[in-house]
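The structure appears right after this line, and notes come after that.
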Amino acid sequence: MGTFNLLALSQNFIDFAVEKIGSVNLNWIGKIISWLFEVFGGVYGGVILGVVVFTLCLKTIVLPLDIYSKVKTKKQSLIMEKMRPQMEKLQKQYANDKNIYSQKVMELQKQNGYSPLSACLPMIVSLVIFIVVMGAFSTYSNFAIITTYNNMVEEYNASVEVYVSNDVNDADNKHFLVGENGSYKVDFGKFVEFYSTEKGFNAEQKAEFVESFNNSKEADKFIKVSEYVQINARRKAAEYYYENNKVNEFGWIGNVWYPDSMLNKVVPNYTKFKSSIARASNGLDTASYEESYNEVTYFLTHADPDNPDISEKKLPANTFNGYFVLIVLAIGLMFLQQFIMSRSQKAANELSSVDGSAAKTNKWIMIMMPIMYGVFSFFYSAAFSTYMIISTVYGLVSTLIINKIVSVRFDKKGGEVITKGTGAPKNRKRLK
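The numbering of the sequence shown is our numbering, which starts it at 2 and goes up by one.
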C-alpha cells in the first residue's frame, strides 16, 4: 500500500506520510514459535501460554541428554564423596606441591572410574540450544514488533483511502478528496456533508457548522479537513493496537516483546523502537521512519480529542512496561539452581585442588550465572525471560528428582570405591 502525500491546488494539503518497514525472516524455530502464538492467540495470556508450551516441549525433547548429564554428574559427585578420606589425606600430604597433588588425584580418580568430563558433552549441547533459542526469540520479538507497526500503518493508510477517489467525476459524497496522479482537490461541499453525517448533527447544528466553515479562510478550511483525516487515521491505528495486542494481559507487563523493566514504556519512543528495526533490517536507514512511527503511535501516547480519557484508561503515556519482576525471578531461580548444583558437587569443589581454589571458582560461577541471566532478562523481551524462568524451574525439578533416584540406587549398591595402596580390598565395586 502506498504512502500518502496529498496535494490540493498545487499546495501541500496533507504533509504527513506513513511507511511500512520490511518484515523479518524467521528461521524454523521462529516459525514454530509463531505457530504456537497463533494457536493460543485467542486465549487470554496466549503469548505467555505459547512460551510455556514451547519451553516444556523443547525441554522434553532434550530430556534424554539432560538426564544423561545429570545422572553422570550426580554419580561422579557420589564417587568423589566416597573418595573424600583419601583425597583429604592427599591434600595434607602434598599441600605444598600442587603438581604432585594433581597427579595423585588423577591416578586416584582413574582407579575409581571418576571422569569429570563425562557429563560435559550434553551440557555443551544444552548451551548451544540455549543460544539458538535466545537468537530465535530475539528475532521473533523484532518480527512481532515490526509486524504490529506495519499493520498499524495499513490501518492508518486504509483510513485515509476512505475519503479518496481517483475519479475526477466522482459523485459519491463519501469521497471529498478527488483527483488523480497524486494530486487531489478537496470538495468542501462533500466534506461538510460527510462531516455533519458522521458527527450526527441535527439540522440546526449542521447549519451552524456550515456557516462557520464557509466563513473560514481557505487555508483554515484545508487545516480543518487535514486535521479530520489525520485524527481518524491516528485513531484507526490506535484501535488496531488495542484490539490485537491484548494490552496488559500479563498483568504488570503491557508489551511482552520488550523487557519487564521500568526503564521501558509499554509503547516505547522511537529510539527504543529503531533498535528493533536495526537488528532486523540489516542496516536499513532507521532515521527515515521516525516521523511515520510517531504519527502511527500518536494516540497510544496522547489523548484522543474526541475521547480525552481513552489513552489514559487503556495505555497511559508514562506506563512502565514492567517492574523487574521477571528479572528478579530469573536471577533468583538461577541462583537456586546453582546453589543446588554446588551442594551436590561439594566434594568435587573442595577436593579438586589442593588449596581449595576450585571451590572459590565455583562460588564465582554461582554468582556470575544469575547475573548473566539477569542481563539477558534486562535486555531481551519479557517473553524470553519467561522462557528462561520456565526452563530453569524445569531443570530444578528434574535435577532434584534425578539426584534422589541416583543417590538411592548408589546406596543400594553399596557405593564402594577403593584407592590403590590404601589398604582397601582388592575386589572393589564400581558404580555403573
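Yeah, the Cβ is synthetic: ideal placement off N, Cα and C, and Gly gets one too.
Taking the Cβ atom as the reference point for each residue, do residue 157 and residue 22 lie within a distance shorter than 8 Å?
No, these two residues do not count as a Cβ contact at 8 Å.
Taking only three categories from DSSP, how would you classify residue 116?
In the structure shown, residue 116 sits in coil (DSSP, three-state: anything other than H, G, I, E or B).
Note the first and the last residue of the continuous alpha helix (DSSP H) segment covering residue 53.
First-last of the alpha helix (DSSP H) with residue 53: 47-62.
Does the stretch 98-108 come close enough to the stretch 123-142 that 3 or more CB-CB pairs lie under 8 Å?
Cβ pair count under 8 Å is below three, so no.
Name the DSSP bridge partner or partners of residue 321?
266.
Please state whether DSSP places residue 164 in a helix, a strand or coil.
If DSSP states are grouped into helix, strand and coil, residue 164 belongs with coil.
Skipping 5 residues on each side, what residues in its chain have a beta carbon closer than 8 Å to that of residue 197?
Excluding residues within five positions, the ones whose Cβ falls inside 8 Å are 206, 207, 210 and 211.
For my contact list, residue 46 and residue 140 are in at a C-beta cut-off of 8 Å; report their separation, rounded to the angstrom.
For a cut-off of 8 Å, the C-beta gap from residue 46 to residue 140 is around 22 Å, too long to register as a contact.
Using the three-state DSSP reduction, which class does residue 259 fall into: helix, strand or coil?
Coil.
For residue 391 versus residue 53, is the C-beta spacing smaller than 8 Å?
Less than 8 Å divides the Cβ of residue 391 from the Cβ of residue 53.
Which term fits residue 145, buried or exposed, when burial requires 16 or more other beta carbons within 10 angstroms of its beta carbon?
Residue 145 comes out buried.
In whole angstroms, what is the alpha-carbon distance linking residue 237 and residue 375?
Between residue 237 and residue 375, the alpha-carbon positions lie close to 38 Å from each other.
In angstroms with no decimal places, state the Cα-to-Cα distance between residue 413 and residue 82.
Linking residue 413 to residue 82 through their CA atoms gives a straight-line distance of about 16 Å.
Span of the alpha helix (DSSP H) around residue 442:
The chain is shown only over 2 to 433; residue 442 falls outside these bounds and no answer can be derived.
Let me know the secondary structure DSSP gives residue 200 once reduced to three states.
Here residue 200 sits in helix by DSSP.
Cβ pair count under 8 Å reaching 3, the stretch 322-338 against the stretch 253-273:
Flag = yes, the stretch 322-338 and the stretch 253-273 touch.
Measuring CB to CB, does residue 378 end up less than 8 Å from residue 258?
Residue 378 is not a Cβ neighbour of residue 258, given a cutoff of 8 Å.
Reference residue 84; option with closest CA among 70, 58 and 113
Of the candidates 70, 58 and 113, 113 places its Cα closest to the Cα of residue 84.
Pull up the distance between the alpha-carbon of residue 1 and that of residue 25, whole angstroms please.
Lying before the first or after the last residue shown, residue 1 is absent from the chain, which here runs from 2 to 433.
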